[in-house]
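J.: Count the sequence shown with this note's numbering and you get residues 195 to 597, in order.
Heads up, the beta-carbon is just placed ideally off N, CA and C, and yes, glycines get one too.
Sharing a structure here in structure tokens format.
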Amino acid sequence: MIQKTRIHPEDPETSSPTNPELLGERNEILGHAFHLLLKTSSLIGITYKNSPKNRNFFLVNCWDSLILILNVFSYTVSILTINSIITVVQMQLTFYAFFTLGLLIRISLLIKRRRVFLTISHASYLYDNLGLNIGKCLRGMQYIIISFYFWFFLITTLLVLYIRGIIMSTSDIEIFSFSLRRSGSSALVVIVAICIMFCAVVTTVTIYISLVLCCSFYIVAKDVLKRYGVKLVEASTEYINKDILISYISGYKKIVFCFDEINSSVSFCSLLLYAASVTCFFNTISVIAVFDMEALWNHIALLGESVLTFIMSFVIFFSLTGTGSGANLAHSFLKVKVLESVENIFDKTSSEVEVMAAYKMLAQSIANIPTSFTAGDMFTINKALILTTAGALVTYGVIIFGN
């Protein structure tokens, strides 16, 4: 049995999240728990690598850059031609927003891919240090990834069929007032169709991968906080000396600040996902507002895409809120409590009795922390995001239905 080492802030090995020796240990845990997510992410051009010294780093960068270039090119073509393909203004706006958010999320993940990798590695090391099974914690997320492959394959297929159908039935496609059909260039029409379909598929998959990544982060953070909090509470009932108390608190302080790394890695991406949720919702609303049921039954691909997109909007919103609310609440509460307690605990002039009293107060605070997912907690934790979403709903609604 290998003895787990407690995390101490003055320990040079544990204080450096980029220590190359520790990265090797963390990568084993990382590979088992996040393998499916990272593998899928790398296939769509968002690869998380820990160091430029990696022998495949150049090829990985080339692949990621190629997908990004294709995405930008297809996005540009889609934005320039979608107004002549989809004549309904309300639906045009939702496609503009959907494609733009997908590209922004991809760029955000690419910019922060090294930070994301190190954050997952750091959290994985904390799991290993506690002797916990990170794979067991994320097993549910892995099942969700597998089960949702089919769902997203279906939604992208319907979206592609719908786009292909309207392109083939459109009398004219224009780019800067240049008519592609009248010019007799069928190859350009095919290129435009491929670009729009490629952009739709890549955008949908990118949003899905980022959603699973954010939810996985929040699940890991909440589980680490909860498990280590339980250990702290259990230890408070035993007789332990000042040095052991400092070791426990040092570890918990490091866990709390690890959550800061998680927020820094995915906070902007989470905000974009909330915006994508609003966009998916209004995509369905705009379809219902424009087409009657008889017309929708004549466009099965459009009907299916609208229904699945509507479901997708709620999946994004409640997945992010459900996983993030408890984690953010625990983090906000414990960060204040830990910082209040460590002043007394690390004070060299404090007696062991004073340290034990401060420690028990912290343990009691941890034991009483509310982590349930209720409406009140949801609003408290995601107040900024919910207010942003509400503002987007009002603004988006005025723009769409004001036309």
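For His316, count the other beta carbons within 10 Å of its own beta carbon; 16 or more makes it buried, fewer makes it exposed. Which is it?
T.: Buried, since its Cβ has 16 or more Cβ neighbours within 10 Å.
J.: Could you check where the alpha helix (DSSP H) with Gly296 kicks off and where it finishes?
T.: Counting along the chain, the alpha helix (DSSP H) containing Gly296 begins and ends at 283-305.
J.: Taking the alpha-carbon positions, what's the Ile385 to Ile273 distance?
T.: Answer to the nearest angstrom: the Cα atoms are 14 Å apart.
J.: Secondary structure at Phe485, three-state DSSP: helix, strand or coil?
T.: Coil, per DSSP.
J.: Measure the CB-CB distance between Leu237 and Val406 and report whether it falls below 9 Å.
T.: No; because the gap between Cβ atoms is not below 9 Å, this pair is not in contact.
J.: Given a threshold of 16 other Cβ atoms within 10 Å of its Cβ, counted over all protein chains shown, does Phe293 qualify as buried or as exposed?
T.: Per the 10 Å Cβ criterion, buried.
J.: Under the three-state reduction of DSSP, which class applies to Tyr242: helix, strand or coil?
T.: Here Tyr242 sits in coil by DSSP.
J.: Any contact between the region 391-405 and the region 284-299? By contact I mean 3 or more CB pairs, one from each, below 8 Å.
T.: With a cut-off of 8 Å, the region 284-299 and the region 391-405 count as touching, because enough Cβ pairs lie within range.
J.: How about Lys233 and Cys463: are their beta carbons less than 9 Å apart?
T.: No, these two residues do not count as a Cβ contact at 9 Å.
J.: Given this structure, state the Cα-to-Cα distance separating Val509 from Gly516, to the nearest angstrom.
T.: When rounded, the distance between both Cα atoms is 10 Å.
J.: Quick check: what's the CA-CA separation for Tyr518 versus Ser471?
T.: The identity of residue 518 in the sequence shown is Gly, whereas the question assumes Tyr. Taking the straight line from one Cα to the other gives about 15 Å.
J.: Of all the options Leu320, Phe504, Cys408, which has the alpha carbon lying nearest to the alpha carbon of Arg421?
T.: For Arg421, the nearest C-alpha among the options comes from Leu320.
J.: Would you check if the distance between the CB atom of Ser601 and the CB atom of Leu490 is smaller than 9 Å?
T.: Residue 601 lies beyond the stretch modelled for the chain, which goes from 195 to 597, so this question has no answer here.
J.: Under 6 Å Cβ to Cβ from Thr503, same chain only, skipping five residues before and after it: list those, please.
T.: Once the five neighbours on either side are set aside, the close Cβ partners of Thr503 are Cys474, Asn477, Thr478.
J.: Let me make sure I understand the geometry here. Which of His493, Ile482, Cys409, Ile388 has the alpha-carbon closest to that of Leu264?
T.: Considering only alpha carbons, the answer is Ile388.
J.: Do Leu497 and Val450 come within 9 Å of each other at the CB atom, strictly closer than that value?
T.: It is not a contact, given that the beta carbons lie outside the stated cut-off.
J.: Check each candidate in Ile482, Val271, Arg308, Glu455 and name the one with the smallest Cα separation from Val383.
T.: Nearest C-alpha to Val383: Val271.
J.: Quick check: the Cα distance between Ser441 and Lys554, rounded to an integer number of angstroms?
T.: Rounded to whole angstroms, Ser441 to Lys554 spans 15 Å at the Cα level.
J.: What residue from Tyr468, Cys408, Asn492, Ile413 has the CA that sits closest to Ser458's CA?
T.: Here the closest residue by C-alpha is Cys408.
J.: For Ile388, which of helix, strand or coil comes out of DSSP?
T.: Of the three classes helix, strand and coil, the one that applies to Ile388 here is helix, per DSSP.
J.: Taking a contact to mean a Cβ-Cβ separation below 9 Å, would you say Val282 touches Val484 in this structure?
T.: Cβ atoms of Val282 and Val484: closer than 9 Å.
J.: Alpha carbon to alpha carbon, what distance is there between Asp454 and Asp486?
T.: When rounded, the distance between both Cα atoms is 48 Å.
J.: Could you round the C-beta distance between Phe392 and Ser268 to whole angstroms and report it? I think they count as a contact, below 8 Å.
T.: Going by Cβ atoms, the distance from Phe392 to Ser268 rounds to 5 Å, so yes, they are a contact pair.
J.: Is Leu312 closer than 9 Å to Ile240 when the C-beta atoms are compared?
T.: No, the pair does not count as a contact, with Cβ atoms beyond the cut-off.
J.: According to DSSP, simplified to helix, strand and coil, what is Ile273?
T.: It is helical.
J.: Do the CB positions of Tyr242 and Arg308 come within less than 9 Å of each other?
T.: Against a cut-off of 9 Å, the Cβ pair of Arg308 and Tyr242 comes out as a contact.
J.: On the three-state DSSP scale, how would you describe His316?
T.: Of the three classes helix, strand and coil, the one that applies to His316 here is helix, per DSSP.
J.: Identify whether His229 lies in helix, strand or coil by the three-state DSSP scheme.
T.: Looking at His229 - three-state DSSP - the assignment turns out to be helix.
J.: Give me the residue from Ser318, Met506, Ile494 with the minimum Cα distance to Tyr468.
T.: Per the Cα distances, Met506.
J.: Evaluate Ile494 with the Cβ neighbour count: other Cβ atoms within 10 Å of its Cβ, from every protein chain shown; 16 or more gives buried, anything less gives exposed.
T.: Counting Cβ neighbours within 10 Å, Ile494 comes out exposed, since fewer than 16 surround it.
J.: For a quick check, are the C-beta atoms of Met390 and Ile482 less than 9 Å apart?
T.: The sequence shown places Ile at residue 390, not Met. Cβ distance not < 9 Å, so Ile390 and Ile482 don't count as in contact.
J.: Give the straight-line distance between the Cα atoms of Ser461 and Ile413, rounded to the nearest whole angstrom.
T.: Distance between the alpha carbons of Ser461 and Ile413 is about 15 Å.
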